[in-house]
Amino acid sequence: MLDDFMVRATLAGVGVSLAAAPLGCFVVWRRMAYFGEATAHAALLGISLSLMFEFSVFAGALFVSVIMATAVTIGQGRSLFLDTLLGVAGHSCMALGLIIVSFISGVRIELMAYLIGDILAVSKTDVLLIWLGLALVLLLLIWRWSALLLCTLNEDLAAASGLYPKRENFVLTIALAVVVAVGIKVVGVLLIISLLIIPAASSRSLGSTPEKMAIYASLLGALSAILGFNVSYVFDTPTGPSIVCVASLIFLLTLTFSLLKERFRPGIKIT
Amino acid sequence: MLIEVQSLNVRYGNKKVLENINLSVSSGEIVTIVGPNGSGKTTLFKAIIGSAPISSGKIIMSPSVKVGYVPQVLNVDRSLPLTAERFLNLVNNRNDQGLLRAQQILGSEDYLSTQISSLSGGQLQRVLLARALMNDPDVLLLDEATRGLDQPGSAAFYKKIEEVRESSGCAVLMISHDLHVVMSASNRVICLNGHICCQGEPQSVASSPEYRDLFGSNIDGTFALYQHNHKENKSRINHSNA
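Taken in sequence, the protein lines are chains A and B. Just remember that the working numbering sits 121 ahead of the position in the first sequence, which is counted from 1. Just remember that the working numbering sits 494 ahead of the position in the second sequence, which is counted from 1.
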């Protein structure tokens, strides 16, 4: 079954979406979108290093994302310019990565695959890595779910309840690095943040509890991956961007739906 | 002794936020911390609950001491769907006694199914206090708990705190800008401005030169009240108009 590239691509897309969506809810709740984006951009440095020294792209991306995310998590609270620092770190890593890639012959065309993903080229090993990453992210999130929610609400309340907010935040950091690393093959470093935040944003109006929101986000993410893949197959469009466009379309639909629901809510007249 | 702070120093980078703090809280006491903005009041609370980095000194508190903490603000992003009820039960070591007290604070429970981001200021304050009481704490830490409440609201809030203390015997350590409340309701007042300027019974603190330096010479506190709490100032003007 895995010999069929379409099956592999679908499994890869669904796997990455399922891992990204629930984590994406935390990214949205904690307003970490820029943090995620900077981490993903920095991953390009890891990719270029792995191409240069010929080791696994996945390991390279994971390595740099973890370092980047850890550095930022430690720096958090010590500086008021966190998003500026993120911008500096994320983009310098990306620029450095692009320069390193330019020294490697024959990689220039391949580079596009790391920027926007190349889902049709995923191997059996890639699919395995993606689903292992998915399992790790889900286990981490389920294990720390309540603690993470309380830390998201208020870190001092969490500390007063006997939690260690820094440790909990580190769980999110690791999960984010894993999602970035496994997402590169599917949507690339430029678009991975959209798989995190768009399904989460779509599910906000559907879920009345954090759990429901995370589950709806996962379903919508997986749906986007499957539909996007088919769209790209039928219209011969790049797959990663197609998945993201389908996810955005779903977001527009749920937004319209929630606005209509608001408008026609019984008991409230809008004049 | 429930909490004992010994020569505590806290720095953020090169900035000394707290310097050589020594204080203790015994059971049943109401101790109030007053001080201007940026004087390290909230940082002191954070050090006690373990979320501020201590650069030297120590805080002695038995692990068996249960703490109830009411933060100054709770900014809940509207994107997070969470009902008040769920928030109350999120990682909270409840016990029967605590639940009973929490229920008394919450009053009518019709707002518990409301999303926490759409609660009114008064409801949110009650929910935060109820949450802090659910483990039947030995000490209650209140960080400007009446912020955002109008004057009748904050008076009612302090009355509730007094009731809780009488029935449970818990100690209360609070940060307050309502100097008139401080003077009438506390056993002890600590005047903080990076270091402890003075501490003692309300009357002796109010007449000390250090306190006057910080809050002006008007001892009854009205002047300082107007200077430090603009919200309350506004509500007073509204009252006189009505």
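The beta carbon of each residue, even a glycine, is placed where N, CA and C say it ideally should be. Predicted model, so just to flag it, every value in this text is computed and none were measured.
Residues Gly-615, Gly-616, Gln-619, Phe-651 of the same chain have their beta carbon placed closer than 7 Å to that of Leu-643(B), with the five preceding and five following residues left out of the count. Asp-571(B) has a beta carbon lying within less than 8 Å of a beta carbon in chain A. Between the beta-carbon of Ala-164(A) and that of Ala-302(A) there is about 7 Å, and that keeps the pair under the 8 Å contact cut.
With distances taken between CA atoms, Leu-278(A) lies nearest to Leu-634(B) out of Leu-634(B), Leu-512(B), Gly-532(B), Glu-660(B). Secondary structure in the stretch 224-287 of chain A: no beta strand (DSSP E) run of 3 residues or longer lies completely within the stretch. Here Gly-532(B) is exposed: its Cβ has fewer than 16 other Cβ atoms, across all protein chains shown, within 10 Å.
Annotation for Tyr-155(A): Asp-204, Leu-207 place their beta carbon closer than 7 Å to its own, counting only its chain and skipping 5 residues before and after. When Cβ-Cβ separations below 8 Å define contact, Ser-329(A) makes contact with chain B.
Comparing alpha carbon positions, the residue from Ala-298(A), Thr-360(A), Ile-364(A) closest to Glu-158(A) is Ala-298(A). Within the stretch 533-563 of chain B, the residues whose Cβ lies closer than 7 Å to any Cβ of chain A are, in chain order, Lys-540, Ile-543, Gly-544, Ser-545, Val-561, Tyr-563. In terms of Cα proximity to Ser-213(A), the closest of Ala-141(A), Trp-252(A), Leu-166(A), Phe-372(A) is Leu-166(A). Under the DSSP assignment, Leu-636(B) falls in the beta strand (DSSP E) whose first and last residues are 633-637. In the DSSP annotation of this structure, the continuous segment of the beta strand (DSSP E) that includes Ala-665(B) starts and ends at 665-669. When CB distances to chain B are screened at a threshold of 7 Å, the residues of the stretch 147-173 of chain A falling below it are Val-149, Trp-150, Arg-152, in chain order. Taking the beta carbon of Glu-276(A) as reference, the chain B residues within 9 Å of it are Ser-545, listed in sequence order. Using a CB distance below 8 Å, the part of the stretch 576-589 of chain B facing chain A consists of Leu-576, Thr-577, Arg-580, Phe-581, Leu-584, Val-585, Asn-586, Asn-587, ordered along the chain. Close to Pro-565(B), with beta-carbon spacing below 8 Å, are these residues of chain A in chain order: Asn-275, Asp-277, Leu-278. Annotation for Asn-516(B): Val-499, Gln-500, Ser-501, Leu-502, Ile-690 place their beta carbon closer than 8 Å to its own, counting only its chain and skipping 5 residues before and after.
Only residues of its own chain outside the window of five on either side were considered, and among them Thr-294, Ile-295, Ala-298 have a CB closer than 8 Å to the CB of Val-187(A), listed in chain order. Note that the C-beta distance between Val-559(B) and Leu-636(B) is not below 8 Å. Lys-540(B) carries a helical assignment under DSSP once its states are collapsed to helix, strand and coil. Counting the other CB atoms within 10 Å of its CB gives Arg-572(B) a total below 16, which places it among the exposed residues.
Ser-680(B) carries a coil assignment under DSSP once its states are collapsed to helix, strand and coil.
Comparing alpha-carbon positions, the option among Lys-535(B), Ala-578(B), Gly-529(B), Ser-521(B) lying closest to Met-555(B) turns out to be Ser-521(B).
Along the stretch 583-642 of chain B, the alpha helix (DSSP H) occurs as fully enclosed runs of 4 or more residues at 590-600, 615-627, listed in sequence order. At a cut-off of 8 Å between C-beta atoms, Arg-288(A) does not count as an interface residue with respect to chain B. Chain order gives no chain A residues near Leu-627(B), where near means a beta carbon separation below 8 Å; the closest approach is about 13 Å.
Note on geometry: alpha-carbon atoms of Ser-226(A) and Leu-232(A) lie some 11 Å from one another. The beta-carbon of Arg-325(A) is placed less than 8 Å from the nearest beta-carbon of chain B. Asn-351(A) carries a helical assignment under DSSP once its states are collapsed to helix, strand and coil.
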